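Accompanying notes for the structure given below.
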Amino acid sequence: MATTIEGASVAARFLEQPKRLLIDGEWVEARHGRTLEVFDPALGEVIDHVQDGDRDDVDLAVTAARKALEDSAWSRMTASERGRLMWKIGEIIYEHADELAAIESLDNGKPVGVARAADVPLAADLFQYMGGWATKIFGHTFQISVPYTPDAQYHAYTVKEPIGVVGQIIPWNFPLLMAAWKLGPALATGCTVVLKPAEQTPLSVLRLAELMQEAGLPDGVLNVITGFGETAGAAVAAHPGIDKVAFTGSTEVGKMIVKAAAGDLKRVTLELGGKSPNVVFADADLETAIPGAANAIFFNHGQCCCAGSRLYIQHKVYDDVLAGVAGKAESIKLGRGLDEGTEMGPLVSAEQLERVTGFIESGKVEGIRTVTGGRQVSPNGYFVAPTVLDGAGPGNKVYDEEIFGPVVTAIPFKEPEDVPAVANETIYGLAAGIWTNDISKAHRLIPQLKAGTVWVNTYNVFDAALPFGGYKQSGWGREMGEEVIHEYTETKSVCIAI
Ligand code: ADP
Numbered sequence: 077m078a079t080t081i082e083g084a085s086v087a088a089r090f091l092e093q094p095k096r097l098l099i100d101g102e103w104v105e106a107r108h109g110r111t112l113e114v115f116d117p118a119l120g121e122v123i124d125h126v127q128d129g130d131r132d133d134v135d136l137a138v139t140a141a142r143k144a145l146e147d148s149a150w151s152r153m154t155a156s157e158r159g160r161l162m163w164k165i166g167e168i169i170y171e172h173a174d175e176l177a178a179i180e181s182l183d184n185g186k187p188v189g190v191a192r193a194a195d196v197p198l199a200a201d202l203f204q205y206m207g208g209w210a211t212k213i214f215g216h217t218f219q220i221s222v223p224y225t226p227d228a229q230y231h232a233y234t235v236k237e238p239i240g241v242v243g244q245i246i247p248w249n250f251p252l253l254m255a256a257w258k259l260g261p262a263l264a265t266g267c268t269v270v271l272k273p274a275e276q277t278p279l280s281v282l283r284l285a286e287l288m289q290e291a292g293l294p295d296g297v298l299n300v301i302t303g304f305g306e307t308a309g310a311a312v313a314a315h316p317g318i319d320k321v322a323f324t325g326s327t328e329v330g331k332m333i334v335k336a337a338a339g340d341l342k343r344v345t346l347e348l349g350g351k352s353p354n355v356v357f358a359d360a361d362l363e364t365a366i367p368g369a370a371n372a373i374f375f376n377h378g379q380c381c382c383a384g385s386r387l388y389i390q391h392k393v394y395d396d397v398l399a400g401v402a403g404k405a406e407s408i409k410l411g412r413g414l415d416e417g418t419e420m421g422p423l424v425s426a427e428q429l430e431r432v433t434g435f436i437e438s439g440k441v442e443g444i445r446t447v448t449g450g451r452q453v454s455p456n457g458y459f460v461a462p463t464v465l466d467g468a469g470p471g472n473k474v475y476d477e478e479i480f481g482p483v484v485t486a487i488p489f490k491e492p493e494d495v496p497a498v499a500n501e502t503i504y505g506l507a508a509g510i511w512t513n514d515i516s517k518a519h520r521l522i523p524q525l526k527a528g529t530v531w532v533n534t535y536n537v538f539d540a541a542l543p544f545g546g547y548k549q550s551g552w553g554r555e556m557g558e559e560v561i562h563e564y565t566e567t568k569s570v571c572i573a574i
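Each residue of the sequence shown is one higher than the last, beginning at 77 in this note's numbering.
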């Protein structure tokens, strides 16, 4: 664990530095001079302060981003140079992996080993993968046949242009990775950015921004405004100088973003909540399916929009799978993210603790059986025991609503034909899981699931090449892969009479 300890000491030094907003390449204080507290969720103690940016700061950031969009340092940078710069950003992230993982762990609460194995390399890889797209953004040529100009000849083609200044609002569950998901396609396409991290977890993004400056990103291409959602976030969503808003967060706030963006019809992409079904058939390899189902819900303390929070188990193996998942839940070692051996950290904030325990209490009131967990674990910090519930259904809050914590609801089903109706009985459509050894059964079910991602005999597998996003109220558009490139470009059709 030597690397972890080293990461922690470098992270501690970063915490001692004053935190500012990044506007036009300069680190500046918020105009009104206020700061906001940053907590260690494992202790419930303040560990840092960041600027409480507001509308005026967003204004300055948008002006800087607009200037940078037109400035030749960015607009005339060749696609290949942009790609190389993004590769370099990825390299620098890898070089600072221990430090970034430790910052993420301190701020968000997640185990440092998980941040080091997943969040950080995925973020680095995302920049490098998206850097590859910089040289592969192109339109088409067309043979057009215009009936009212029969003798004319045309040269017609499309070009893809950067959508412009992008406002990006990200959540607290994967702060660094969500920043990468957003920034990667923006930079690949030549956009400029005003990024607002979540107020709960601003630290890794501030460090990332420093590293991106170090890599040589021109001033004003990335501007970072830390602050609250209702102030800084709302200002980004409504700002007339912003061409597109890319948001990841709750469905509730996603709807507010849509309303705010409607004023000037700015482009919007949304990656929102989920209540994902995870289906275990009796023919599944239970030795894989049981830990897989536990991982599907308990990874990142259930604070994943795609968490497999509705666990459907075929009745013949219901008791075995339920007991197996409960056993896994009981074996998870809770602790501070930076402590060796910690497998699950605290929830991110006191507010989330209250929210998740509130859901658990509602289940108890509604008579749902708690198989294991169902309580706060430590009087300090925001720890909740991994929880398995049995007997919930439509009409129960724990079944219908996104909890965003380590709480899974198990439900038995009889026949494979019963699955699509129950799996789809949600306003969300982000992800789904299937566990079976019958490949035909899986293939028959996949097209019937209203979900943006379907995992079969696995769960929570992400890759920069694989699009991610939601059906229904889980969002608009896709992150990652080629698909996201289209979300950051406008298509211009050109028609020349020749
Ligand atoms: P959660 O409920 O999980 O905390 P939110 O959707 O509230 O998730 O937050 C996700 C991101 O959206 C955060 O960066 C937050 O500051 C921001 N946010 C919250 N409210 C608003 C709002 N009204 N307008 C714009 N951004 C917001």
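We put the beta carbon where it would ideally sit given N, CA and C, even for glycine. This one's a predicted model, so the numbers in the text were calculated from it and none came from an experiment.
Report the option in the options whose CA atom is closest to the CA atom of residue i.
i, options, result
"V460", "K409, K236, V134, A84", "K409"
"S326", "F375, L298, M288, W248", "W248"
"M332", "E347, P353, A310", "A310"
"V281", "L259, F435, A322, T485", "L259"
"I165", "D135, D183, A178, Q204", "Q204"
"A405", "Q390, N472, R386, V483", "V483"
"I389", "A313, P488, A322, A468", "P488"
"G243", "T211, T567, L346", "L346"
"C380", "A322, N536, I213, I572", "N536"
"I246", "T217, V321, P294", "V321"
"E559", "P261, E328, S181", "P261"
"L293", "T211, E102, G240", "E102"
"E437", "K473, T418, P523, G368", "K473"
"S407", "E493, T433, G449, A314", "G449"
"K392", "A137, G417, I168, P492", "P492"
"A274", "L136, L284, E237, F250", "F250"
"V86", "R283, L542, V498", "R283"
"K18", "Q219, F214, I220", "Coverage of the chain is limited to positions 77 through 574, which leaves residue 18 absent and any answer about it impossible."
"A583", "R89, I318, G434, M420", "Since the first residue shown for the chain is 77 and the last is 574, residue 583 is missing from the structure and cannot be characterised."
"P451", "P422, E478, E121", "Reading off the sequence, residue 451 comes out as Arg, not Pro. Ranking P422, E478, E121 by Cα distance to R451 puts P422 first."
"I168", "Q276, L182, A285, D133", "A285"
"Q524", "A88, E157, Y547, P543", "Y547"
"H75", "D135, D174, A106, M206", "For residue 75 there is no data in the structure shown, the boundaries of the chain being 77 and 574."
"T111", "T567, R96, G411", "R96"
"P94", "A540, H125, H172, G368", "H125"
"I522", "E416, N354, G368", "N354"
"P73", "K568, D133, A573, H315", "Because the chain here runs from 77 to 574, residue 73 falls outside it and cannot be looked at."
Name, in chain order, the residues that DSSP records as bridge partners for residue i.
i, result
"N575", "The chain is shown only over 77 to 574; residue 575 falls outside these bounds and no answer can be derived."
"Y230", "A573"
"H125", "E113"
"E566", "E237"
"T217", "Y233"
"A507", "T529"
"G551", "E347"
"K272", "I245"
"Q390", "F489"
"I99", "E102"
"L410", "M420"
"V300", "L98, L271"
"K258", "K258 is not bridged to any residue."
"K320", "V242, R343"
Say whether chain D places a C-beta atom closer than 8 Å to the C-beta of residue i.
i, result
"T154", "No chain D is part of this structure, which consists of one protein chain only."
query: Quick one: any contact between the stretch 109-116 and the stretch 436-455, if contact means 3 or more CB pairs under 8 Å?
result: no
query: Whole alpha helix (DSSP H) runs in the stretch 322-356 with 4 or more residues, listed along the chain?
result: 327-338
message: Under 8 Å, with one C-beta from each stretch per pair, do the stretch 228-238 and the stretch 159-171 reach the 3-pair mark?
response: no
field: Stretch-stretch touch, CB-based, cutoff 8 Å, three pairs: the stretch 293-300 with the stretch 352-369
entry: The stretch 293-300 makes no contact with the stretch 352-369: fewer than 3 CB pairs, one atom from each, lie closer than 8 Å.
field: Runs of alpha helix (DSSP H) lying entirely within the stretch 512-545, each at least 4 residues, in chain order
entry: 515-521
query: Would you say the stretch 120-134 touches the stretch 302-313, given that touching needs at least three Cβ pairs under 8 Å?
result: yes
query: What alpha helix (DSSP H) runs, 4 residues minimum, are completely inside the stretch 426-498?
result: 426-441, 473-476
- request: Evaluate contact between the stretch 392-404 and the stretch 422-437, counting only Cβ atoms and requiring at least three cross-stretch pairs below 8 Å.
  value: no
query: Is the number of C-beta pairs between the stretch 328-343 and the stretch 364-380 that are closer than 8 Å three or more?
result: With the rule of 3 Cβ pairs closer than 8 Å, the stretch 328-343 does not count as touching the stretch 364-380.
- prompt: Can you find at least 3 beta carbon pairs, one from the stretch 249-256 and one from the stretch 190-199, that sit closer than 8 Å?
  reply: yes
task: For the stretch 455-471 and the stretch 216-224, state whether three or more C-beta atom pairs, one from each stretch, are separated by less than 8 Å.
output: no
field: Inter-stretch contact (C-beta, 8 Å, three-pair minimum) for the stretch 264-273 and the stretch 133-151
entry: yes
query: Hey, is the stretch 132-148 in contact with the stretch 178-196, meaning 3+ C-beta pairs nearer than 8 Å?
result: no
message: Under 8 Å, with one C-beta from each stretch per pair, do the stretch 527-547 and the stretch 369-379 reach the 3-pair mark?
response: yes
field: Runs of alpha helix (DSSP H) wholly within the stretch 128-203 (minimum 4 residues, chain order)
entry: 131-146, 148-151, 155-171, 173-184
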